[in-house]
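Everything below concerns the one structure shown next.
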Amino acid sequence: MADQAANKSQRKLHVKKGDLVRVITGKSKGLEGKIISVQPDAELVVVEGVNRVKKHTKVQQAQRGGTTGGIVTQEAPIHVSNVMLLVEVEKDGKKQKVTTRVGYNRVEVQKRRPDGSTYTGYRSVRIARRTGEEI
1 MADQAANKSQ
11 RKLHVKKGDL
21 VRVITGKSKG
31 LEGKIISVQP
41 DAELVVVEGV
51 NRVKKHTKVQ
61 QAQRGGTTGG
71 IVTQEAPIHV
81 SNVMLLVEVE
91 KDGKKQKVTT
101 RVGYNRVEVQ
111 KRRPDGSTYT
121 GYRSVRIARR
131 TGEEI
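Under full-length UniProt numbering, the sequence shown has 88 at position 88, and the numbering climbs by one with no breaks.
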């Protein structure tokens, strides 16, 4: 049981903060936005302008005599399986945004040791399956 919990917390998601995504299911289907935050342990993402909810906050006295509170509209998290990464593709001379799956490639890179010497190592990079380009 503890093994599963430790494995789940180290799970890697196919999207990162700042990625442009499209919602593919749910009440916000078809909407596009940037990822604001990622919660890998719960497999949730918060997307800008998607799944907006109204939150009622208590009125509290702020420092300089002002009050804060009322009804605030903010984005709520959605499951990561409900979003797909968007990439730009040139089609008929026009740039279009299309959804794509994410793949991973191992790329050879030069790494540097603390003593200044270099060696060849490998690094994993994300690629768009539809175009084959590095993300």
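Glycine included, each C-beta is placed from N, C-alpha and C at the ideal position.
Check: Which first and last residues belong to the beta strand (DSSP E) in which residue 43 is found?
Finding: Against the sequence shown, residue 43 aligns to sequence position 43. That residue, residue 43, is in no beta strand (DSSP E); it is neither H nor E in DSSP.
Notebook entry, point to check: By Cβ distance, which residues of its chain are closer than 6 angstroms to residue 48, with the 5 residues on each side in sequence left out?
Noted result: Position 48 of the sequence shown, counting from 1, holds the residue named residue 48. Closer than 6 angstroms at the Cβ level, and outside the excluded window around residue 48, lie 33, 34, 36.
Notebook entry, point to check: Hey, would you say residue 81 sits closer than 8 angstroms to residue 51, going by beta carbons?
Noted result: Position 81 of the sequence shown holds residue 81. Position 51 of the sequence shown holds residue 51. Contact flag unset, no.
Check: Hey, residue 128 and residue 87 are a contact pair by Cβ (cut 8 angstroms); roughly how many whole angstroms apart?
Finding: Along the sequence shown, read from residue 1 onward, the residue named residue 128 stands at position 128. Along the sequence shown, read from residue 1 onward, the residue named residue 87 stands at position 87. Going by Cβ atoms, the distance from residue 128 to residue 87 rounds to 5 angstroms, so yes, they are a contact pair.
Note to self: Does the contact criterion of 3 or more C-beta pairs under 8 angstroms hold for the region 109-124 versus the region 90-99?
What the structure shows: Contact fails between the region 109-124 and the region 90-99, because fewer than three Cβ pairs, one in each stretch, are under 8 angstroms apart.
Checklist line | Cβ neighbours of residue 110 in the same chain (closer than 8 angstroms, five flanking residues each side left out) | finding: Working through the sequence shown from its first residue, we reach residue 110 at position 110. Within the same chain, Cβ atoms closer than 8 angstroms to the Cβ of residue 110 are found at 118, 119, 120, 121, the five residues on either side in sequence being excluded.
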